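Residue numbers (full-length UniProt numbering): 1 to 95. Everything below concerns the one structure shown next.
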């Protein structure tokens with residue numbers, strides 16, 4: 001067994017790349033962007049939308065809510081990926 005204490009051991013990759021922090025930031029950005037996009041559409045902040053379409057089962061608010069969820073998850077993943085990539089590049093260029 002090794003005589004090293006846990007404090008002497010190197011960080012795990014997840015800790016070194018600050019993935020938890022990046023996910024937290026990604027979720028905040030994703031939910032914020034999706035909430036703004038949903039509000040703009042549902043409350044017609046840029047004027048009414050042409051009503052020539054039909055939205056079966058859920059109605060327009062339901063469909064746009066589902067779209068907002070997908071948008072939030074996609075934005076979360078993108079922001080997390082970018083922040084983690086930037087951190088990986090920083091670690092790679094350090095001594």
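No residue lacks a Cβ here, since even glycine has one placed at the ideal position from N, Cα and C. As the structure is a computational prediction, the values presented were derived from the model and not from experiment.
Assign residue i to buried or exposed, taking buried as 16 or more other Cβ atoms, counted over all protein chains shown, within 10 Å of its Cβ.
| i | result |
| --- | --- |
| residue 12 | exposed |
| residue 14 | exposed |
| residue 75 | buried |
| residue 77 | exposed |
| residue 30 | buried |
| residue 68 | buried |
| residue 18 | buried |
| residue 59 | exposed |
| residue 26 | buried |
Starting from residue i and walking both ways along the alpha helix (DSSP H), at which residues does that stretch end?
| i | result |
| --- | --- |
| residue 56 | From DSSP, residue 56 is part of no alpha helix (DSSP H); its letter is neither H nor E. |
| residue 24 | 19–42 |
| residue 15 | 13–16 |
Let me make sure I understand the geometry here. Which of the options has the alpha-carbon closest to that of residue i?
| i | options | result |
| --- | --- | --- |
| residue 24 | 94, 81, 92 | 81 |
Next on the checklist: Would the region 60–74 count as touching the region 33–46 if we require 3 or more Cβ pairs under 8 angstroms?
Outcome noted: The region 60–74 is in contact with the region 33–46.
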